[in-house]
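Protein chains in written order, with our numbering: chain A, 181 to 408; chain B, 181 to 408; chain C, 181 to 408; chain D, 181 to 408. Don't be surprised by glycine CBs; every beta carbon is placed ideally from N, CA and C. I have placed the structure first, in the form of structure tokens, so that the comments after it can refer back to it.
Number of protein chains: 4
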Amino acid sequence: MGIVERRIREKEERRKYILDAAKTLILEKGASAFSMQDIADATELSKATLYLYFQSKEAILEEIFHDATDYFVEYVEERLSPELTGLEAVMVVWGSYLSLYAESGDDFVLTGIWRAVNPTFVVAPGGEGGGGQNAAVPMLDLIAKVLERGIADGTLDPAIDPRGVARTCLFLATSLIDSVARLPRELRDSNGIREEMRLMFNLLLRGVASPTVDRSDLYLPAAKKDKR
Amino acid sequence: MGIVERRIREKEERRKYILDAAKTLILEKGASAFSMQDIADATELSKATLYLYFQSKEAILEEIFHDATDYFVEYVEERLSPELTGLEAVMVVWGSYLSLYAESGDDFVLTGIWRAVNPTFVVAPGGEGGGGQNAAVPMLDLIAKVLERGIADGTLDPAIDPRGVARTCLFLATSLIDSVARLPRELRDSNGIREEMRLMFNLLLRGVASPTVDRSDLYLPAAKKDKR
Amino acid sequence: MGIVERRIREKEERRKYILDAAKTLILEKGASAFSMQDIADATELSKATLYLYFQSKEAILEEIFHDATDYFVEYVEERLSPELTGLEAVMVVWGSYLSLYAESGDDFVLTGIWRAVNPTFVVAPGGEGGGGQNAAVPMLDLIAKVLERGIADGTLDPAIDPRGVARTCLFLATSLIDSVARLPRELRDSNGIREEMRLMFNLLLRGVASPTVDRSDLYLPAAKKDKR
Amino acid sequence: MGIVERRIREKEERRKYILDAAKTLILEKGASAFSMQDIADATELSKATLYLYFQSKEAILEEIFHDATDYFVEYVEERLSPELTGLEAVMVVWGSYLSLYAESGDDFVLTGIWRAVNPTFVVAPGGEGGGGQNAAVPMLDLIAKVLERGIADGTLDPAIDPRGVARTCLFLATSLIDSVARLPRELRDSNGIREEMRLMFNLLLRGVASPTVDRSDLYLPAAKKDKR
DNA sequence: TATGAATGAGATTTCATTCAT
DNA sequence: CATGAATGAAATCTCATTCAT
């Protein structure tokens with residue numbers, strides 16, 4: 181029932197359709213290298229029509245970023261059962277990064293485009309209140325929460341500032357993704373990248389872990405294998 | 181002595197003049213957002229004149245990147261006395277990053293532009309042999325050498341692969357710089373950024389240090405103060 | 181009927197409008213001396229708009245060349261009734277050249293621009309298989325066919341190689357046109373040019389005719405008069 | 181003797197030096213595709229210096245054209261002994277074209293650049309009195325003279341107008357050369373080109389010969405071999 | 001709602017020519 | 001006499017965005 185509802189639903193579907201095309205293009209050409217014309221071609225819509233659904237090219241980028249981070253946050257939260265220690269939880273987060281990249285690499289890479297959306301985000305301490313950047317806040321919150329848990333249960337170094345470290349970690353992780361997003365697609369799928377990511381997370385893991393934790397527990401498993 | 185030398189010197193000066201203008205622009209607008217016209221306006225030269233001094237826009241970027249990395253490597257090598265332990269040496273490198281940023285912030289930020297020059301570098305494991313990217317090799321070598329020293333003398337975790345970790349660290353450090361380079365100038369000078377960098381390096385420090393090292397030694401001093 | 185058809189027709193008309201402007205410019209300034217800006221000025225369109233209708237400047241040149249040669253080939257084929265001897269057919273071809281030039285001088289001159297499109301054509305024996313040059317192939321085929329006819333019926337010199345001679349003749353004829361195309365417009369309309377062309381064709385005619393043919397039959401009539 | 185004379189001679193030598201470099205460049209890149217910078221590089225002079233010796237780029241082209249035609253005229257006149265029939269003389273002229281091309285191909289090709297110098301020449305009947313075009317007049321005179329000789333001694337068709345035919349022939353011959361001049365160097369040396377030229381001259385030969393002449397005498401020998 | 005058409009502004013690069021020294 | 005330096009003008013092409021229909 182309701183013409184209005186149908187209209188709204190159809191509009192939403194169109195938006196999604198356009199976004200999907202844009203995502204594919206970003207993954208193919210990089211976030212700054214694709215054009216509105218590219219989207220128009222891919223969707224078989226006219227450029228003018230795109231502007232009926234999105235205010236600007238930037239608005240499209242922002243929404244894509246938003247979607248990607250939401251997806252990531254959801255994905256992680258599903259896997260964060262309350263009985264995990266803080267350290268285990270951190271590993272779940274990092275591990276999710278790796279496995280999401282390994283599984284659905286493409287979609288995930290889109291979390292890396294925030295630089296194209298709003299470069300003043302993570303790095304700017306006071307910048308969290310800005311415009312299109314808020315999309316990163318849930319990711320930040322997620323990480324900060326996990327870090328706090330670890331500080332509380334003693335598995336993470338009590339000296340770290342959860343919020344600051346969360347920002348740094350997120351920044352580093354998305355930086356890597358950002359770089360990956362600029363690589364040509366064929367390079368992007370290489371094992372090398374996955375190893376590079378794992379290496380980075382291992383470093384960060386040891387960086388945040390409590391000194392009391394046995395070093396041998398601070399290795400993320402190779403991607404695509406479930407954590408034991 | 182004589183006319184020829186003066187000519188050469190003046191030519192060199194004008195190159196530098198143009199480069200300086202370009203640097204300022206990069207710092208203001210980001211490495212990919214400035215145009216030859218911008219440089220022409222800033223220098224009050226014609227676009228054609230710019231091409232007398234540089235083959236292409238890319239050549240300008242490459243030279244700037246080169247200069248910045250060279251300067252960094254020199255700066256660090258001056259401070260790396262042989263009697264330092266590997267861990268101390270790592271701290272010198274990271275510390276140099278911090279103090280260089282604090283001292284000559286702007287120039288240093290330019291080490292972050294390699295993404296604009298050749299985006300396939302660090303992240304691509306086999307990519308070290310490519311084109312304009314070689315300018316990063318000295319930085320990589322420097323870090324790898326220091327890590328090896330630390331593995332040898334037991335102050336760093338023997339499990340790390342020096343070359344791989346060097347690549348990761350360099351990647352992360354330049355990522356941060358790259359992001360900073362995109363910030364508006366006024367944000368860039370904030371203490372927040374410096375703290376962010378220090379935090380990141382502290383994480384990395386603990387990531388690479390041997391588990392036997394006392395955690396309290398793994399803090400970089402706040403920027404602007406010389407390490408004793 | 182219908183909007184779509186009208187759109188298509190209008191689009192075609194605007195293409196033609198642009199092409200016409202380009203033709204005029206070529207005729208005024210020469211095929212290599214006109215610029216996209218010139219076309220934009222002439223059509224009162226923006227340069228960007230031109231690129232909506234043609235992929236590149238070269239594409240415009242190619243299309244103009246194509247049109248001109250197609251028109252010539254059609255024109256000649258209409259006049260080549262099967263009962264003509266080979267010699268008569270050759271005279272029809274040459275005569276068409278002359279009368280087309282006399283009648284629709286400007287359009288016809290455009291057959292001479294192939295040099296600007298692809299300079300390696302006719303003169304390069306193996307070059308017939310190349311890129312944008314194929315537009316000349318129908319002209320070549322036409323002439324070769326006619327020559328063969330004449331060799332078969334004894335009105336042309338059996339010693340000539342039809343394909344080779346066709347290439348040479350086409351080359352010479354378009355060379356002349358090419359030169360004419362570079363003349364300032366006022367000179368181009370002179371009777372002198374037409375005489376020059378006739379003279380050339382008369383030479384060629386005697387060059388290919390069988391020695392048995394009476395020399396007095398080997399004169400093309402003055403232009404603008406129909407051959408009976 | 182005297183300083184003035186030496187100055188003049190040296191100036192002349194410099195001119196020649198520059199011209200030689202320009203010729204080489206034309207042959208490499210085509211008459212319109214080379215730049216003053218190219219000449220400057222080749223001569224190791226500055227662009228400004230070039231303007232001390234030549235008023236403009238066009239002046240250089242004109243002089244090169246002049247030299248080339250002069251050389252051709254001289255070359256032919258040396259071989260035109262008075263006892264030759266007009267027909268034989270024509271064959272000497274055409275043959276010289278062929279052998280000059282075969283021998284010193286490069287220098288000779290330069291006769292084809294007149295289009296770049298002054299496109300209004302040959303084809304414009306009244307154009308002989310113009311500016312830089314006069315360089316072609318000696319060639320025209322040469323051919324006309326030869327044709328007249330043949331008309332007088334009965335070896336050429338009395339119906340032809342020597343001056344008009346001379347202009348046509350010259351036009352055709354230089355057209356071919358002009359096209360050749362635009363070919364990449366490697367193509368230019370092919371036998372195909374020489375054959376093409378020979379074919380054209382054979383056509384012209386039969387076009388101008390008296391009908392009484394035996395057709396079998398109307399073949400130019402293959403290049404590089406002396407006429408029997 | 002949808003779009004075809006149009007465009008202003010801008011990107012990089014080239015080149016013949018001039019002029020102060 | 002020679003030239004280093006400079007440049008105005010031009011060339012091709014791209015792109016996000018607007019608007020009348």
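Taking CB atoms only, Thr348 of chain B has a neighbour in chain A less than 7 Å away. In this chain, the alpha helix (DSSP H) harbouring Ile219 of chain A covers Met216 to Thr223.
In this structure Lys196 of chain D is exposed. Its beta-carbon is surrounded by fewer than 16 other beta-carbon atoms within 10 angstroms.
In the structure shown, Leu264 of chain B adopts coil according to DSSP, grouped into three states. Taking a contact to require three or more Cβ pairs closer than 8 Å, the segment 264-280 of chain C and the segment 218-236 of chain C do not qualify as touching. Put simply, the CB of Ser355 of chain C is near chain D, with a gap under 7 Å to one of its CB atoms.
In the DSSP secondary-structure assignment, Ala389 of chain D is bridged to D:Leu336. One alpha carbon belongs to Ala315 of chain D, the other to Glu185 of chain D, and they sit about 27 Å apart. Buried is the label assigned to Ser276 of chain B, since at least 16 other Cβ atoms lie within 10 Å of its Cβ.
The continuous alpha helix (DSSP H) containing Asp247 of chain B extends over residues Lys237 to Arg259. Among the residues of chain D, those whose CB is under 8 Å from the CB of Val345 of chain C are Leu379 and Leu383, following chain order. The alpha-carbon of Ala339 of chain B is positioned some 17 Å away from that of Ala389 of chain A. The residues Met216 and Ala220, in chain order, have a CB closer than 6 Å to that of Lys227 of chain B in the same chain once the five nearest residues on each side in sequence are set aside. For Gly387 of chain B, at least one C-beta of chain A is nearer than 7 Å to its own C-beta. When only Cα atoms are considered, Ala282 of chain D and Asp200 of chain C end up about 43 Å apart. When secondary structure is reduced to three states using DSSP, Pro401 of chain B falls in the coil class, being assigned neither helix nor strand.
When DSSP states are grouped into helix, strand and coil, Ser226 of chain C belongs to the coil group.
Residue contact with chain B for Pro391 of chain A: present (Cβ-Cβ distance below 7 Å to some residue of chain B). In the DSSP annotation of this structure, the continuous segment of the alpha helix (DSSP H) that includes Asp200 of chain B starts and ends at Ile183 to Lys209. DSSP places Asp358 of chain C within a helical segment (H, G or I) once states are collapsed to three. Rounded to whole angstroms, the gap between the alpha carbons of Glu242 of chain D and Glu328 of chain D is 29 Å. With respect to Thr291 of chain A, Ala248 of chain A sits close: the two C-beta atoms are nearer than 7 Å.
Not a single C-beta of chain B is nearer than 7 Å to the C-beta of Arg189 of chain A. In this model, Val289 of chain C and Leu383 of chain C are separated by some 21 Å (Cα to Cα). A straight line joining the alpha-carbon of Lys325 of chain C with that of Arg378 of chain C spans about 22 Å. A buried status is given to Arg386 of chain A, since no fewer than 16 other beta-carbon atoms sit within 10 Å of its beta-carbon. Separation of the CB atoms of Trp274 of chain B and Leu400 of chain B is rounded to 6 Å, and the pair is thereby assigned contact status at 8 Å. Comparing alpha-carbon positions, the option among D:Val253, D:Leu205, D:Met380 and D:Asp250 lying closest to Gly344 of chain C turns out to be D:Met380. Contacts with chain A at 7 Å (Cβ-Cβ) include Arg395 of chain B. In the three-state DSSP reduction, Asp321 of chain C falls in the helix class (H, G or I). In the three-state reduction of the DSSP assignment, Phe234 of chain B falls in the coil class. By the Cβ-count criterion, Ile373 of chain B is buried, with 16 or more other Cβ atoms from all chains shown falling within 10 Å of its own Cβ.
With respect to Asp333 of chain A, Thr265 of chain A sits close: the two C-beta atoms are nearer than 7 Å. Sequence-distant Cβ neighbours of Ile183 of chain C in its own chain, meaning closer than 8 Å and more than five residues away, do not exist here.
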